[in-house]
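In this note's numbering, the protein residues as written are 826 to 1821.
For reference, the structure is listed below as structure tokens.
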């Protein structure tokens, strides 16, 4: 059912229209859910802090996608560009470096290609980010490219919007304002002044774009439909607010259209309230242009009544009004600051306009991402919350028999000293439980099993006592932080989110009280205790779980039941088996509570999706898509009464532990490394030496053509002709290098000590220590490499875990039926891996041949004793200091184990400075590499070069590099831009100076 609420006032020309209608984000509506395309500037000016911040934001987005297990049709597409352009994915951005110039024309062309591949019916949201201006194209070419992109979008896209992020005060503001109007509806402009701001703005804009949908409405007596952007507030509904001119006497319905869905909503007119007044002021704040307008709006805001009996409204509405006022005042304060900076002359025009434009959209991002997702559940749970009191009133228990088997001395609240019996008799809505210290990453809102238990208390508390403790402390601390709050998302551990911290670390934990052992407590967790108490807990469970996982009593969702089993697994792991009596009592009572909730949990999961059955049935039930945290499985097993497990269950758990370990340590790793590990497990190490990916001196034995002076001479002539005569179109010399290398076909080796050594090496980083207690309680032990049969199974298990370490690969393996039971099909696992490797031998041979070729070419560059030959070869094979050949050259130059490199200091000086002098006192200096720009290597490379040169020659290089800069690259002509900067005189804010 669709609803339409209209709020209007005589003082405003437009009415505030609030729309709400059903909509599900599923495959049926896939074309109307945002397909996000991230277009990211990776030019040299982004190097350093800005690029690291951007990588951090992209990593957070990637983790969010993995946590939410997005379908393929909602996975964002990533386009990165400098003077080249590439299409990649979120995970690959972490391995990308920022360098080169900025070419918007190529980026626009790739956007068109990507849109064409997606199809014209898809809703496309483009987020375009840059920190500078185009440095590769003339203004007319750039304008022409913008026009072509605009025309293409309007012709080929029925639903497209372009959002933009400008970073640094020197970005092209005019172009960004043009870009955000290229879509079928106008996009949003965001400005990031510093690198920290870039991280935040990028994530905020992505989260906003991810939740928005576009629909149209038809008003009575108006032919043309109006496009509106709404936000998915939960999995079933879209809400939107817009300002429209409506007649208060209008009785006809408003027609809402999205895709094939059509809804009619009859407007309901309401009187203006404080929230409406604040929103109308916020709308006017977007149009502020003068100090007089700012002062007038500030005066009106101060006159808005926020307290008193005349305000009315519910508590939630009053809190909303307070938040709106605070947000608006923050925006006005920012505008005051901008106006002051303009008056003082400390802010240039571009930065001032950029900041003002950014503030126009600040109200769209005022809610945190967590709160936006929390609002999705509040309305749905309110009706259930209202029924709790009546259910508690109806609940009766026999005071004489209910507590016969309860140790009332143990179950006494340490704060009120009331026993469980006294508490239940004195209050209808109080329950008893235990204190915890928890830590919540923000994605716990959507993935409750990832909550992290940092410490389990031995203190029994009543819920009302906890509430009183919070009220006493709330005046000196933030309420959310008293309960553990939310922390920034970070990469979670491979197996479990639990890591019980040391007592020193607990000193910094948040808390609302302390227990009997002075341990901090920031969370209340109910216990079973007795049947009567458990019945009361079940009635109050939904608001308790909602607050436990989201810090909102209306934030309950059925999957939070699984979060309890995750907590149980972590409590099992918090203390060793047969620990203190009190710890065991608390664990026992919480286990009873989880056991009592099994029917409710199974009802949520469905009989066919029982965690244990699905885990054993096939690998699908073991992946992170089904069990994000294995502590959930362990807790579920324990609550189900499983004290010991059979061998097949044990092998499945052990294999998944190993697979998740590899998934954690090899995330983003080159496939070559994984391939090498698998080959080492399949074949003898001696056989494998021929295909190692690391370059070594034996590789040169495969080179059948040798270097001679005539070949070197051609490179020396080339360098002389380019530098002396400035003939850049001189024919580039070439040389043929014949390499005779092939990977032979080999059989699978039988188990031997060398393969065992490789197995031990692969598992050296794996430790069960963080989860040993829970494994001991369940009787799970890892495979014994000294046991012959288990060693054979472990070998196959490791091969399979390496092949399918990522979620994508295991899903593909399940689909292709190439994932086998390691206990019964361990030989088949090796055979399939061998067959796959054998089919790829030609590809691996080609890759290795290219490696040997790069080594030989690098060796010829490094070992020449003629500086002219060195210059020529560098100008041909590494003109921009990039690629495999250049990396190998650096390795050879810095390798002190090799024979003495002739002219070492001169060669390294040329590589670092990019320039060459015929002798020390020569006046003329030639640009050799990267147009004479300096090279700032990684610290590890600098340390190796420093050792290779020695102290005196390093000091000489240091003097040559002083004053040199690295960062933003301007046009090759060295003509100053409109700000007066060029390569010889760069903007100091966009470059880094050499500093030893």
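Each residue gets a CB set at the ideal place from its N, CA and C atoms; glycine is no exception.
Where the beta strand (DSSP E) containing residue i begins and where it ends
| i | result |
| --- | --- |
| residue 1068 | 1062-1069 |
| residue 911 | 910-913 |
| residue 1040 | 1037-1043 |
| residue 902 | 902-906 |
Which of helix, strand or coil DSSP assigns to residue i
| i | result |
| --- | --- |
| residue 850 | coil |
| residue 1082 | strand |
| residue 883 | helix |
| residue 1280 | strand |
| residue 1200 | Any reading at residue 1200 needs caution, since the residue's pLDDT is 49, under 50, leaving its predicted position unreliable; the model's value is listed next. Three-state result, residue 1200: helix. |
| residue 1055 | strand |
| residue 1285 | strand |
| residue 1713 | helix |
| residue 1330 | Note on residue 1330: pLDDT 44, under 50, position unreliable in the model; the coordinate value appears next. Correct three-state label for residue 1330: helix. |
| residue 1784 | helix |
| residue 1505 | helix |
| residue 843 | strand |
| residue 1515 | Residue placement at residue 1515 cannot be trusted, given a pLDDT of 45 that sits under 50; what the coordinates show is reported in the next sentence. Three-state DSSP puts residue 1515 in a helix. |
| residue 1337 | coil |
| residue 1807 | strand |
| residue 1323 | Any reading at residue 1323 must be qualified, since the residue scores a pLDDT of 44, below 50, and its modelled position is unreliable; the value itself is stated next. It is coil, neither helix nor strand. |
| residue 1498 | helix |
| residue 1316 | In this predicted model, residue 1316 has a pLDDT of only 46, less than 50, meaning its place in the structure is not dependable; the value taken from the coordinates is given anyway. Of the three classes helix, strand and coil, the one that applies to residue 1316 here is coil, per DSSP. |
| residue 1381 | coil |
| residue 1818 | strand |
| residue 1162 | helix |
| residue 1491 | coil |
| residue 1402 | coil |
| residue 1475 | helix |
| residue 1237 | strand |
| residue 1266 | strand |
| residue 1751 | strand |
| residue 1244 | strand |
Bridge partner(s) assigned by DSSP for residue i
| i | result |
| --- | --- |
| residue 1349 | 1260 |
| residue 1016 | 991 |
| residue 954 | 865 and 990 |
| residue 1528 | 1564 |
| residue 949 | 860 and 985 |
| residue 1088 | 1081 |
| residue 1791 | 1817 |
| residue 1741 | 1751 |
Continuous alpha helix (DSSP H) stretch holding residue i: start and end
| i | result |
| --- | --- |
| residue 861 | Note, residue 861: premise wrong, no alpha helix (DSSP H); beta strand (DSSP E) at 860-866. |
| residue 1424 | 1423-1430 |
| residue 1624 | 1613-1628 |
| residue 829 | Per DSSP, residue 829 belongs to no alpha helix (DSSP H); it is in the beta strand (DSSP E), 828-832. |
| residue 1761 | Segment: none, residue 1761 is in no alpha helix (DSSP H) and carries neither H nor E. |
| residue 1734 | 1729-1738 |
| residue 1344 | Segment: none, residue 1344 is in no alpha helix (DSSP H) and carries neither H nor E. |
| residue 923 | It is not in any alpha helix (DSSP H) - residue 923 carries neither H nor E in the DSSP assignment. |
| residue 1836 | A query on residue 1836 cannot be resolved here, the shown segment of the chain reaching from 826 to 1821 and no further. |
| residue 1440 | 1436-1442 |
| residue 1634 | 1632-1641 |
| residue 1604 | Per DSSP, residue 1604 belongs to no alpha helix (DSSP H) and is neither H nor E. |
Cβ distance (whole Å) where residue i is taken to contact residue j below 8 Å
| i | j | result |
| --- | --- | --- |
| residue 924 | residue 869 | 5 Å |
| residue 1714 | residue 1686 | 5 Å |
| residue 1242 | residue 1286 | Residue 1242 to residue 1286, Cβ: 11 Å. No contact. |
| residue 1544 | residue 1707 | Going by Cβ atoms, the distance from residue 1544 to residue 1707 rounds to 19 Å, so no, they are not a contact pair. |
| residue 1012 | residue 1038 | Their Cβ separation, rounded to whole angstroms, is 15 Å, which puts residue 1012 and residue 1038 out of contact at 8 Å. |
| residue 1371 | residue 1383 | In fact, because the Cβ distance is near 11 Å, the residues do not count as touching under 8 Å. |
| residue 1257 | residue 1358 | 7 Å |
| residue 1730 | residue 1778 | 4 Å |
Inset, instruction - With a floor of 4 residues, list each alpha helix (DSSP H) that falls wholly inside the region 967-1004, ordered by position along the chain. - result: 998-1004
Legend entry - Length-filtered (4 minimum) alpha helix (DSSP H) runs lying within the region 1530-1599: 1534-1550 and 1578-1587
Inset, instruction - Let me know the alpha helix (DSSP H) ranges lying completely inside the region 1661-1726, each 4 residues or longer, listed in chain order. - result: 1666-1688, 1692-1702 and 1709-1719
Inset, instruction - Please list the segments of the alpha helix (DSSP H) lying wholly inside the region 1090-1129, counting only runs of 4 or more residues, in order along the chain. - result: 1099-1110 and 1116-1127
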